[in-house]
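See structure below.
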Amino acid sequence: MVSALEEVGIWHQIRDYGGLSAHIDTTNLSNGQRHILCIARAILFPGEIVIMDEPTAGFDEHTERLITGLLREKLKGRTLISITHQIKTVMDSDLVMVLKHGEVSELGVPQELLSRRGMFWQLYSAKTT
């Protein structure tokens, strides 16, 4: 548990609140700290499928890269379903599903979707220009 908290960079705050045995009122944590704590829980969760909603939303670029790398490393061999508007965080995903009005608009490997110049390409282009 401590190693997961260290890896996501929140152990020193948890330790300062009394460590693992302390009851921590999460209202004392910032939104970012609560978000990171949830990511640490996902890393420790033994399930084969992990679903995350906006796992890197609100983080600075450095923290986003750290969290994205940790998720890839620690969840290797498991299925990660990530609901996100952060296009760059899905570029090395095995499969991307683009939804429009609740319907599947596109489905495929990111590079393949970019080459089709459809909705995924439009979203990618809008975020990178």
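Here this note's numbering is used: the first residue of the sequence shown is 1, the next is one more, and so on. In this text, a Cβ means the ideal position worked out from N, Cα and C, and glycines have one as well. Small disclaimer: the values here were computed from a predicted structure and weren't measured.
C-beta atoms of residue i and residue j nearer than 7 angstroms
| i | j | result |
| --- | --- | --- |
| Leu107 | Met97 | yes |
| Ser82 | Met52 | yes |
| Arg78 | Glu54 | no |
| Leu95 | Glu7 | no |
| Leu20 | Val50 | no |
Alpha-carbon spacing of residue i relative to residue j, whole angstroms
| i | j | result |
| --- | --- | --- |
| His12 | Val2 | 10 angstroms |
| Ile43 | His35 | 13 angstroms |
| Ser115 | Ile39 | 32 angstroms |
| Arg41 | Met119 | 33 angstroms |
| His62 | Asp16 | 24 angstroms |
| Arg65 | Thr84 | 15 angstroms |
| Thr26 | Gly18 | 13 angstroms |
| Glu73 | Lys100 | 30 angstroms |
| Glu103 | Phe45 | 30 angstroms |
Residue of the options minimising C-alpha distance to residue i
| i | options | result |
| --- | --- | --- |
| Ser105 | Trp121, Met91, Asp94 | Trp121 |
| Thr56 | Gly32, Tyr124, Leu5, Gly18 | Gly32 |
| Gly58 | Ile67, Ile51, Val50 | Ile67 |
| Lys88 | Thr128, Thr26, Leu95, Ile24 | Thr128 |
| Ile10 | Leu29, Ser115, Glu64, Lys100 | Leu29 |
| Pro110 | Glu103, Met91, Gly102, Leu99 | Met91 |
| Leu123 | Arg15, Gln86, Thr63 | Gln86 |
| Leu37 | His23, Ala22, Ile24, Leu5 | Leu5 |
Which of helix, strand or coil DSSP assigns to residue i
| i | result |
| --- | --- |
| Met1 | coil |
| Met91 | coil |
| Ser115 | helix |
| Glu103 | strand |
| Ile24 | coil |
| Arg65 | helix |
| Ile39 | helix |
| Lys127 | helix |
| Gly32 | helix |
Counterpart residues of residue i in DSSP-defined beta bridges
| i | result |
| --- | --- |
| Asp53 | Ile83 |
| Gly108 | Val96 |
Any non-hydrogen atom of the ligand FMN within 6 angstroms of residue i CB
| i | result |
| --- | --- |
| Thr27 | Summarising the ligand content, the structure contains no ligands, and the ligand FMN is consequently not present. |
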